[in-house]
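Residue numbering for the sequence shown follows this note's numbering, starting at 89 and increasing by one per position. Positions of the beta carbon are idealized from the N, C-alpha and C atoms, including for glycine. Worksheet: the structure to be examined is printed underneath.
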Amino acid sequence: MNQDSQDKANVTGRKKQLMLGIDLGTSKIAVCSERGSKAMFRSVVGYPRDIIGSHLLKGDKAIGEEVLEKRSFLDAYYPLEEGVIKEESEGVIAALKDLLQHAVSLAKPEKGDEICAVIGAPAGATYSNKEPILKAAREFMKVALVVSEPFMVAYGMNKLNRAIIVDIGAGTTDICALTGTIPSAEDQSTILKGGDYIDKVLNALLLETYPEIQLTPQLARKIKEKYAFVGEIKESKMVKFRENGKPKDYDAANEIKAACETLILPIVEQIENLLLQFDPDDQEEALKNIYLAGNGSRIRGLDTAIIEALSEYGEVKVSLIDDPDYAGCTGALKLATDIPLEHWSQVGDQL
89 MNQDSQDKAN VTGRKKQLML GIDLGTSKIA VCSERGSKAM FRSVVGYPRD
139 IIGSHLLKGD KAIGEEVLEK RSFLDAYYPL EEGVIKEESE GVIAALKDLL
189 QHAVSLAKPE KGDEICAVIG APAGATYSNK EPILKAAREF MKVALVVSEP
239 FMVAYGMNKL NRAIIVDIGA GTTDICALTG TIPSAEDQST ILKGGDYIDK
289 VLNALLLETY PEIQLTPQLA RKIKEKYAFV GEIKESKMVK FRENGKPKDY
339 DAANEIKAAC ETLILPIVEQ IENLLLQFDP DDQEEALKNI YLAGNGSRIR
389 GLDTAIIEAL SEYGEVKVSL IDDPDYAGCT GALKLATDIP LEHWSQVGDQ
439 L
């Protein structure tokens, strides 16, 4: 136990409290703790299909990348869809608990720690969307608070007034207008399109153009992650596919561009709508403080495309945040450590 933790325990006369920030994403989960640990893993749990699978796995479950590597003998559960729990079935709830428990374990808690976590959810999530997360967390967390993911990003960056956060995740794209107060429902918007939607569109377009290729959703995702861009096609994007088992190179530039550009119009429309949440005197400044977060923020040319689409509103500046992988959970952790526990309920939904 470090000295600060010991002092805290002695002063309060209670168990130690360990503050965590958790970004509970459809595709990936990121966690960080006040003691400095930080980790990320895919939001998938795999369970052996039979006794042979258990023997090969040497355990009762796998989490993250291991599931993808051993998917031939595992049943994979992705409990999150469009940023919220897919359904309240027994298997999905069990998988959600396993993911949250794994996130806590990666934070390296010490014996006797009371886990207090701020957890991110889509901006448009209702309490009924958040309640299963809170119920799952109740079994091994002392306190859990679910807050808006783009607000977590904004809090971590200290961009809490006259700013707009566009958080492009796998399941959703969340947009939040920061007006100097805790964002209300009217200050936020969730688009049910993100990286997963781009993957599906890309998969369909590639098969339409090259019907002879062998293509899986996982391969489409890898292509997007490597080449994603919008705007002018300046060079070919050569991808190796198999045709009847034989490798062959194909140019996927047109299909990648078309799939990625499906996000531009809905993002721009929601920014236009949320701009009206600002006082007219603040709108000019807000347009100069638009920040792209989430892994989708790395789509090449997206910032420029948004600037061009909003040009009639005046000067627009769109910036990419420095650390899209951990910006959400570090913002959540900052919130957790800044705000006393007794005031958490004023910020979001709490168990």
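Residue i classed as buried or exposed, judged by whether at least 16 other C-beta atoms fall within 10 angstroms
i    : result
K199 : exposed
D284 : buried
Y444 : Any answer about residue 444 is impossible in this case: the structure gives the chain only from 89 up to 439.
T64  : Outside the displayed range of the chain (89 to 439) lies residue 64, so it cannot be described from this structure.
E343 : buried
P428 : exposed
N361 : exposed
N291 : buried
A273 : exposed
G268 : exposed
R226 : exposed
Q365 : buried
D367 : exposed
T278 : buried
P271 : buried
Y166 : buried
D337 : exposed
K440 : No answer is possible for residue 440: the residues shown for the chain start at 89 and end at 439.
G124 : exposed
L194 : buried
S433 : exposed
L266 : buried
K218 : buried
K146 : exposed
Supposed contact pair residue j and residue i - C-beta distance, whole angstroms, cut 8 Å
i    : j    : result
I256 : G382 : 4 Å
A393 : I352 : 5 Å
V406 : I387 : About 12 Å; that fails the 8 Å criterion.
L375 : V404 : 5 Å
D339 : K322 : Actually they do not touch by this definition, with Cβ atoms about 13 Å apart.
L222 : D437 : 7 Å
V192 : L108 : 7 Å
Host alpha helix (DSSP H) of residue i (start-end)
i    : result
D284 : G283 to T297
F239 : E237 to M245
N383 : Premise fails: N383 is in no alpha helix (DSSP H) and is neither H nor E.
L187 : E178 to L194
K314 : P305 to Y315
E154 : E153 to E157
A397 : L390 to A397
G208 : From DSSP, G208 is part of no alpha helix (DSSP H) but of the beta strand (DSSP E) over E202 to A209.
A415 : A415 to D426
Q434 : From DSSP, Q434 is part of no alpha helix (DSSP H); its letter is neither H nor E.
A347 : A341 to C348
A374 : P368 to A374
G141 : I139 to L145
Element boundaries [beta strand (DSSP E), containing residue i]
i    : result
M107 : Q105 to L112
L266 : T261 to T267
P167 : Careful: P167 lies outside any beta strand (DSSP E) and carries neither H nor E.
R226 : Here R226 belongs to no beta strand (DSSP E); instead the alpha helix (DSSP H) covers Y215 to R226.
N249 : N249 to I256
Q71  : Since the first residue shown for the chain is 89 and the last is 439, residue 71 is missing from the structure and cannot be characterised.
P136 : V133 to P136
E331 : M326 to E331
Q473 : Only positions 89 to 439 of the chain appear in the structure, and residue 473 is not among them; the question remains open.
A118 : K116 to S121
L408 : V406 to L408
Residue i versus residue j: straight-line alpha-carbon distance, rounded
i    : j    : result
E372 : G402 : 7 Å
Y315 : K104 : 46 Å
P238 : I139 : 43 Å
E349 : A397 : 12 Å
A251 : F228 : 36 Å
T418 : L248 : 15 Å
L187 : I151 : 7 Å
F447 : R159 : Nothing in the structure corresponds to residue 447, since the chain is present only between 89 and 439.
L423 : K230 : 17 Å
L49  : K126 : Because the chain is modelled from 89 through 439, residue 49 falls outside the range shown and cannot be assessed.
E400 : M240 : 30 Å
A205 : Q276 : 22 Å
L307 : T114 : 18 Å
L294 : S177 : 34 Å
A164 : A183 : 9 Å
H431 : P354 : 35 Å
V318 : K345 : 5 Å
A224 : D287 : 29 Å
K79  : A347 : Nothing can be reported for residue 79, as the shown portion of the chain is limited to 89 through 439.
L112 : I207 : 7 Å
Below-7 Å beta-carbon distance, residue i vs any chain B residue
i    : result
H143 : Judged by its chain identifiers, the structure shown contains no chain B, having just a single protein chain.
Distance cut-off 6 Å: residue i Cβ against heavy atoms of the ligand FAD
i    : result
S125 : Looking for the ligand FAD in the displayed structure turns up nothing, as the structure carries no ligands at all.
Under 8 Å, with one C-beta from each stretch per pair, do the stretch 202-217 and the stretch 260-268 reach the 3-pair mark? yes
Looking at C-beta atoms only, is the number of pairs between the stretch 293-305 and the stretch 330-342 that lie closer than 8 Å three or more?
yes
Q.
When you compare the stretch 145-157 with the stretch 118-136, are there three or more beta-carbon pairs, one atom per stretch, that lie closer than 8 Å?
A. yes
Is there contact between the stretch 408-419 and the stretch 106-118, where contact requires at least three CB pairs shorter than 8 Å?
-> yes
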